[in-house]
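Visitor: According to full-length UniProt numbering, the sequence shown holds residues 1 to 927 in order.
Just so it is clear, CB atoms sit at the ideal spot from N, CA and C, and this is done for glycine as well.
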Amino acid sequence: MTSAWPYPGAKWYKFDFHTHTPKSTDSMWAKYDHNLSPQDWLLKYMAEGIDCVAVTDHNGAGWVDALQSTYEEMKVNLPEGFRDITVFPGVELTTEDEFHLIVVFAPGTSQKKIEQFITSAGYRGNCGDHSGSGSMSLLRVLNEVITLPEFDCIPIAAHADRDNGLLQTKNESQSPVANDRYLRKIFETGLLSAIEVVDTEVDKPQSYIQSRLNLSEVVGSDSHGFRGNDKPGSRYTWVKMETPTLASLKLALIDGQEFSIKRFDDLIQFNPYETPDNFIESIQVKDARYMGQGRLPSSLSFSPYSNAIVGGRGTGKSTITHSLRAVSGKQSELDEDTTPYQTYSKFMQVPKSKDDFGALKEDTEVELIYRRLGKRYRLIWSQVTNETTVFEEDGCDWKKSQDQEITKDRFPIDLYSQGQIATLVGENKQPLLELIDRSANIDHDELQTAQLKFCAKRAEARSLKQVADQIPALKRQLQDIRAKIQKLSQSNHQKILTEYNKFQKQKQLFETKKSETLDLINRLSGFFLHEEIVSTIATPSDFDADIQAFTNSLDTAVGKTKNAIKDSIEGLQTSVNDIEAVLISSNWKSKFDQAVKQYTDLQLQLQSEGINNLKEYGQLVQSEKELADKLVRAMNAQQQLQEKVKLANEDLKEIRQQRLKQTERRKLFLQEVLSDNHYVKISVRPYGCSAMVMEHAFRDLLSAKTEFASDIYIKGENGKQGVVSSFLNAAKLPNQEDRDRAIFDIQSLLYKVSTGTDKQTFSARFRNKLVNMNTQHQDFADSLLYWFPEDGLDVEYSRTGDGKNFTPITQGSAGQRAAAMLAFLLAHSEKPLFIDQPEDDLDNSLIYDLIVSQIKATKSKRQIIMVTHNPNIVVNGDAEMVHALDFNNQCFIKNKGSIQDSEMRETICRIMEGGTTAFNNRYKRLI
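Laid out in structure tokens, this is it:
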């Protein structure tokens, strides 16, 4: 694997298991190019991206020391094209029975050591000679040499399907070229670590198939030169190791094809550098009460694949879990009435004394590095603010993200504690159903949109109905007004009314003018009574006689004017009286009196016919116009109402279709993710949730906690009764059309009762409840038309774990129920999965048979992080990265690495009960 791989733990290395140097006498270099240097040889393999190379010359190891020393020099001088590569010294040994055996030794093994092995294996020919042969059979080499403690090595049958190969067959049959009985003895030793197979399509001998060895099938280039079909990079094997050591290679070969060995020519394309779209790179806890104190915080870096956090009780495993929940915002998924929430709440406190709950301090911080679709994010949760701040990677720096939302879509993580898993398999399947919806990306938006559209049209329909309901009254009012207008509009009546109105207007004009004139007279008269026109100040006696005469003249003039004005006012009053007298005796007055008389006579006549005020005519005409307009609008509203009702009914159909689609999507999701699952089976029952869940949901809709039992749901002597019972019976109908029709009928009945159109069904109190709810909330009755019971889930598990004998989960033990749910959690989704101690309810057989196999099958698709104290999950679950926690005054990381690391294996065996057994089960023996 290239050095660019930044993640810790086990990783994939590009391994060439079979190579030759100029020391093999049949190589191209030995024949034609005698100037090839060890550096040139290494650079060629480096150029092909080879990470590990086994140097396996024929019956010799002449270049082993030169290649290893040259590589050390290259690491110092760094020639162009240099990249890291691990040289595994080895040999392609020819046995007495002419089988070729690749033997791989640990990096650093000397030429001398390998030559000692060659000698011990009975080879006496020339080193590098491909045509030489030994004096010991392959069976003896395996039994007598490979097992010697001084030779720590890995034996691999070279090009087993070709000439000199252990599994070569005759004429494309399954009959071996070698003696079949002899082959069986070789297989029975169990000492071969792998077989080199050039063509995986070639049939293998029956004796090998019956041995059930299932050895890892590796391949190398078998390069004898830099040209042709067998040049470096032409064939190779991917091997998963943490570091390229002989011990790690042994473990990978034991793991085999499915997990730690991948060939370049596998039918299923393999990309060792491919990671899940989303995964957690690391989590860091700083200044918590029992973790991360001092200069360095506690930091855990994860592999994109499978990870384990191990340790005894009280070593900080739960601290990591709760910290992750806080920084990722997953606390919202905990139900406040559950133990997991209470445990989390106690943890997320700052204690005031040493005896108080709480694992935080004032300055506690949690940092999460999350990789999403190739981009890195840094999430920091602070105890001070109780909030998480999001940063984005910007080159070599971090910048605060403009988007501070932490949602399930932006930073997806599936996080479950053992308590949450137990909740998923309880009687209430709603949490499990919600999990399925989240995993299947069923977001309910389309259903909710259809409901909103339906409610909007129903609201418009109600408004239109209020207008349309006025039509009968408007028609009656318009009919009465038009009858009155018709009577008033007869020709003789109209003439009388016209004449009367004309003379009334003329009289009104005269009376107005007369009133204005009298008002002027009154104002002028009042002026003389209350105002002095000119000052009456007397002239002092000591003034000159001339000024005395002038002022007297002014007084005289004023007096004359006042008298003249007074006379004019009196004359104006006389004129008014005279004019009025003339009018009274005029021809006009005769015509006026005649018009009034005709009007009075007509009024008396019409009063006897129901018309009291002849002056209403104009008002009646205006009212007629207004009523006619209202009637038109009401009739238009009636037409629109019909259209809105039709559209609303279409929306209701859409709601029902979306609800059915929701069920079908759940079914399809479960079929896809569990089709090959041999342990758990989950099926969907449309509208078939439990009576408890349905009753609770229906009571929430009605805001009725405990009352109306006989109408909602009750189990009595006469069986079950009430709305919930009706829904349950409908859900049991096997035919979908019948089931849907029954559900719709119940919805329609509830609607009729709530709108008061059904006054027979249910008790009077319950009917009144529904009617009152609809009175308070006008859309309540509409909501009853689209209220559906939730789907039910039937969870079954296989007692034998082989896809047979499925039994309802309710009949299983706590461990079996938890195992079934874990099988489901591991089988779906591509989100990072973090599970805290899932094994608390499980026995080891369930863990080994179910959980381990499920982890292996899933981890290539999604990151898994298991907090556990069970070694089987760690060892047999093939964790790429392990963190071992311990406690000494505070929690700390005692060791970290993959299980292929010897120190990590020792740690696991020491701190985890059953660790040694777990390793023995996986690797047959501790290494």
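For residue 192 and residue 257, I'd like the C-alpha separation in whole angstroms.
Guide: Answer to the nearest angstrom: the Cα atoms are 15 Å apart.
Visitor: Using C-beta distances below 6 Å, list every residue in its chain close to residue 505, excluding the 5 sequence neighbours before and after it, in chain order.
Guide: Once the five neighbours on either side are set aside, residue 505 has no close Cβ partner at all.
Visitor: Which residue comes first and which comes last in the beta strand (DSSP E) that contains residue 43?
Guide: Segment 38-47 is the alpha helix (DSSP H) holding residue 43; no beta strand (DSSP E) there.
Visitor: Rounded to a whole number of angstroms, what is the C-alpha to C-alpha distance between residue 90 and residue 881?
Guide: So the alpha carbons of these two residues sit roughly 29 Å apart.
Visitor: With 16 as the cutoff for other CB atoms within 10 Å, does residue 594 come out buried or exposed?
Guide: Its Cβ having fewer than 16 others within 10 Å, residue 594 is exposed.
Visitor: I'd like to know if residue 239 contacts chain D, where contact means its C-beta is closer than 7 Å to some C-beta of that chain.
Guide: No chain D appears in this structure, which consists of one protein chain only.
Visitor: By the three-class DSSP mapping on this structure, what secondary structure does residue 798 have?
Guide: Strand.
Visitor: Assess contact between the segment 100-117 and the segment 4-14, defined as three or more Cβ pairs (one per stretch) separated by less than 8 Å. Is contact present?
Guide: Short answer: they don't touch.
Visitor: Starting from residue 377, trace the beta strand (DSSP E) both ways and give me its first and last residue.
Guide: Its beta strand (DSSP E) spans residues 375-382.
Visitor: Leaving aside the five residues before and after residue 733 along the sequence, list all residues of the same chain whose C-beta is less than 7 Å from its C-beta, in chain order.
Guide: Contacts found: 739, 742.
Visitor: Mapping the DSSP letters down to three states, classify residue 491 as helix, strand or coil.
Guide: The predicted position of residue 491 is uncertain, since its pLDDT is 48 and thus under 50; a value taken from the coordinates is nonetheless stated next. Three-state result, residue 491: helix.
Visitor: Measuring alpha carbon to alpha carbon, tell me which of 169, 638, 236 ends up nearest residue 471.
Guide: Minimum Cα distance to residue 471 is reached at 638.
Visitor: Taking only runs of the alpha helix (DSSP H) that begin and end inside the segment 532-612, which ones reach a length of at least 4 residues, in chain order?
Guide: Here the runs fully enclosed are 545-584, 587-607.
Visitor: So, helix, strand or coil for residue 698, using DSSP?
Guide: Reduced to three states, the DSSP call for residue 698 is helix.
Visitor: Under three-state DSSP, which class holds residue 263?
Guide: It is a strand residue.
Visitor: Can you tell me whether DSSP reads residue 268 as helix, strand or coil?
Guide: In the structure shown, residue 268 sits in coil (DSSP, three-state: anything other than H, G, I, E or B).
Visitor: Taking C-alpha atoms, which residue in 695, 694, 670 lies nearest to residue 683?
Guide: When each option's Cα is compared against that of residue 683, the closest is 670.
Visitor: For residue 762 versus residue 773, is the C-beta distance shorter than 7 Å?
Guide: Not in contact: residue 762 and residue 773 (Cβ atoms no closer than 7 Å).
Visitor: In chain order, what residues of the same chain lie with their CB nearer than 7 Å to the CB of residue 576, ignoring the 5 residues before and after it?
Guide: These residues qualify, in order along the chain: 514, 517, 518.
Visitor: At a cut of 8 Å, does the segment 255-269 reach the segment 207-217 through at least three beta carbon pairs?
Guide: Short answer: they touch.
Visitor: Below 7 Å CB to CB, which residues in the same chain sit around residue 477 once its five sequence neighbours on both sides are set aside?
Guide: Same-chain partners within the cutoff: 627.
Visitor: Classify residue 153 as helix, strand or coil using the three-state DSSP reduction.
Guide: Residue 153: strand per DSSP, three-state reduction.
Visitor: So, for residue 372: in the same chain, excluding its five sequence neighbours on each side, which residues have a beta-carbon less than 8 Å away from its beta-carbon?
Guide: So the qualifying residues of the chain are 277, 278, 410, 411.
Visitor: Within its chain, find whatever has a CB closer than 6 Å to the CB of residue 598; leave out the 5 residues flanking it on each side and keep chain order.
Guide: For residue 598, where only same-chain residues beyond five positions count, the Cβ hits under 6 Å are 496.
Visitor: Would the segment 260-268 count as touching the segment 220-237 if we require 3 or more Cβ pairs under 8 Å?
Guide: Verdict: yes, contact present.
Visitor: Thinking C-beta only, is residue 425 closer than 7 Å to residue 381?
Guide: No, the pair does not count as a contact, with Cβ atoms beyond the cut-off.
Visitor: Take residue 252 as the anchor and find which of 914, 413, 901, 722 has the nearest alpha-carbon.
Guide: It is 901.
Visitor: Flag this pair as touching only if the segment 355-365 and the segment 286-295 have three or more C-beta atom pairs under 8 Å; answer yes or no.
Guide: These segments touch.
Visitor: Contact between the segment 217-228 and the segment 178-192 is defined here as three or more beta-carbon pairs at a separation below 8 Å; is this criterion met?
Guide: No: fewer than three Cβ pairs fall under 8 Å.
Visitor: Going by Cα to Cα distance, which pick from 42, 21, 374 is closest to residue 33?
Guide: Cα-wise, what sits closest to residue 33 is 21.
Visitor: Could you name the residues of the same chain whose beta carbon sits closer than 6 Å to that of residue 270, not counting the 5 residues immediately before and after it, in chain order?
Guide: Excluding sequence neighbours, residue 270 sits near 262.
Visitor: Specify, as a first and last residue, the run of the alpha helix (DSSP H) that residue 182 falls within.
Guide: Element bounds for residue 182: 180-189.
Visitor: Which residues does DSSP pair with residue 814 in a beta bridge?
Guide: DSSP output for residue 814 lists no bridge partner at all.
Visitor: What are the partner residues of residue 372, as DSSP defines its beta bridges?
Guide: Per DSSP, 278, 375.
Visitor: Quick check: the Cα distance between residue 916 and residue 854, rounded to an integer number of angstroms?
Guide: Answer to the nearest angstrom: the Cα atoms are 22 Å apart.
Visitor: Helix, strand or coil, according to DSSP, for residue 881 in the structure here?
Guide: It is a strand residue.
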